[in-house]
Amino acid sequence: MTADGFDVDLLVVGAGMAGMTAAAYAAGHGASVLVVEKAAEIGGSALLSGGGLLRPQSAADLMAINPSGDPKFATMLSEDYDGAIEWIASTGVAVTDVDTSIPAVMGYPSALRGFDIGAYIPRCRAIVESAGGHVVPLTDVEELLVADGRVVGARLRDRDGVSDVRARWTLLATGGFHNNPELRARYLGGNAKTMLVRGNQVSDGAGLRLALSVGGTTTPLMNRFYGHTVPWPLDHEFVKADYVRLAQHYLSTHSVILDKSGHRIVDESLGYYRNSQAVLANDDGRALLVGDQRVREADMAGGAPERTLGYERLDRITEAAKAGGHAIEAPTVEELDELVRPWGYHGVAAAVAAFNSQLQSGTELDPPRSRNRDAIDRGPFFAIEIQPAITNTWGGLQVNERMQVVRSDGEPVPGLLATGADLGGAFHEKYCSGLNLACTSGLRAAKLALDGLRQE
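Note that the working numbering has the sequence shown beginning at 6, numbered continuously upward.
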């Protein structure tokens, strides 16, 4: 791209869910738009997802279980949700009906709607390009351009060399820093440096770097992430086909997760993503997932995400073994105990017996078991050695209600916006839909840019 002298209303850095939503909305409402993407293909981690848009029933519902989250995001995720659904549907992409059974998975009042993410991203691109805008892959942003204290564009590098683009608004939507081992280790702990990435392979903290260079600041809490537990080891690089078949959102919340001594390490029922965080902090970043036939059959039958998003019914214990993972089954927990010892785990039978006994007697468990309080007692039994796999980061840039990047004094950095996984503060204890966050923040950012253009 030979873009020196290129001048646009909105420069979007990153072509995932947040960036393409903002770009399409702005272009569809009259703004001149340029989207640049580091990867060869657009879509980011969104294209690896099932396309589920989750909503807390109210801001209060989310804040009650996510008290360290910023209230403005709880409000946005709840109150902007219908508008996000209307926007997606307006692009011609199909959206499912509401599935209200998702609270059984999430643990708080919520609802889920699915949409065809594989059709949505290309549709956004078509909207941008039909309005005269451009979407350019294989392009890095070297630095932001600043004039009179305002961000006025960026210096880009692509196969044609270096060029400057002027923009009235610049939007960072690069997907966080999940693909940067050093930043993962700094913010998430030593085990995170080598953890598996269950997301796009390019989001390395570019948005963070760019914003900090012009006075932006990070959120106080940077040490949490969204991910799943998946089998360990894997005999291949994690690919798109693994995103659903190796995930354990039901298995991990209805089984027990043990360390090498046979002790439970977490209240498994509080959330599959919390389980991935607990496993990361455990020993060498691995643990043992143990369950019974009841759990296995329920997972195969599919829960709210599978029903809403149309996932294929899977036997994830078999899939784990096929992927090279340590996965095994046995008629009794005593036999299972023997079979997992070569992996370094001991005390499995005693752990399951103690768990069942304490549930039956009403004795308080340590760690607690808040939900899914069924005994693990119906053979055959299974065990899978598991590892955490990161999809995106929860810490990031501080923004205000209009998605403007702010300085340490709370004042906005003029001309600079951030959305999706580049912003931080939405989630800490609990989670509610990265796609919702990406879409609603992208729409807010686009609307601010449009408002600014109208005032010029």
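Beta carbons: idealized from backbone N, C-alpha and C, even for Gly.
Assuming residue i and residue j are in contact, meaning their beta carbons sit under 8 angstroms apart, how far apart are those beta carbons, in whole angstroms?
i, j, result
"G97", "R128", "6 angstroms"
"A292", "I391", "6 angstroms"
"A431", "G74", "6 angstroms"
"R383", "Q298", "5 angstroms"
"Y277", "T234", "7 angstroms"
"A31", "L15", "5 angstroms"
In whole angstroms, what is the alpha-carbon distance linking residue i and residue j?
i, j, result
"L52", "V38", "22 angstroms"
"A44", "V141", "10 angstroms"
"A8", "G49", "Annotation note: pLDDT 49 at A8 (below 50); position unreliable, no value reported."
"V40", "R229", "29 angstroms"
"Y255", "E406", "34 angstroms"
"G112", "Y436", "10 angstroms"
"M200", "D153", "42 angstroms"
"N397", "P236", "19 angstroms"
"A23", "D169", "23 angstroms"
"L458", "G307", "47 angstroms"
"L428", "T337", "48 angstroms"
"G35", "D12", "15 angstroms"
"Y231", "P225", "17 angstroms"
"S410", "P419", "Just to set this straight, residue 410 is Val in the shown sequence, not Ser. Between V410 and P419, the C-alpha separation is close to 8 angstroms."
"I47", "V345", "42 angstroms"
"N205", "P373", "34 angstroms"
"G349", "R269", "15 angstroms"
"F120", "I126", "11 angstroms"
"A211", "S218", "11 angstroms"
"L143", "G19", "11 angstroms"
"L341", "A27", "51 angstroms"
"S375", "I93", "36 angstroms"
"E187", "G181", "13 angstroms"
"E302", "A79", "34 angstroms"
"G55", "R118", "11 angstroms"
"M408", "H241", "39 angstroms"
"E134", "F386", "54 angstroms"
"E147", "A216", "12 angstroms"
"E416", "S208", "27 angstroms"
"V249", "T223", "31 angstroms"
"Q62", "P347", "46 angstroms"
"V76", "G447", "Per the sequence presented here, residue 76 reads as Pro, with Val not at that position. So the two alpha carbons sit approximately 18 angstroms from each other."
"D163", "E42", "10 angstroms"
"R155", "C444", "26 angstroms"
"A423", "A355", "50 angstroms"
Answer with buried or exposed for residue i, where buried requires no fewer than 16 other C-beta atoms within 10 angstroms of its C-beta.
i, result
"G195", "exposed"
"T179", "buried"
"R318", "exposed"
"V357", "buried"
"D87", "exposed"
"A65", "exposed"
"S362", "exposed"
"T105", "exposed"
"S413", "exposed"
"E273", "buried"
"S266", "exposed"
"A159", "buried"
"R203", "buried"
"G166", "exposed"
"S438", "buried"
"R378", "exposed"
"V404", "buried"
"G137", "exposed"
"S257", "buried"
Heavy atom of the ligand PLP less than 7 angstroms from the Cβ of residue i, yes or no?
i, result
"P385", "What this structure holds is no ligand at all, so the ligand PLP is not there to describe."
State the beta-bridge partners of residue i as determined by DSSP.
i, result
"E148", "R160"
"A116", "R60"
"Q409", "L422"
"H233", "A394"
"G166", "D163"
"G296", "F387"
"V98", "For V98, which the question treats as bridged, DSSP gives no partner whatsoever."
"W4", "Not covered by the structure: residue 4. The range shown for the chain is 6 to 461."
"L39", "L16 and H139"
"I262", "L294"
"T223", "L402"
"P72", "P72 is not bridged to any residue."
"D104", "L117"
"P417", "V411"
Check whether the Cβ of residue i lies closer than 8 angstroms to any Cβ atom in chain B.
i, result
"L149", "Among the chains in the structure shown there is no chain B, since it carries only a single protein chain."
**Asked** Which residue spans inside the stretch 306-388 form an unbroken alpha helix (DSSP H) run of at least 4?
**Response** 309-314, 321-327, 338-345 and 353-366
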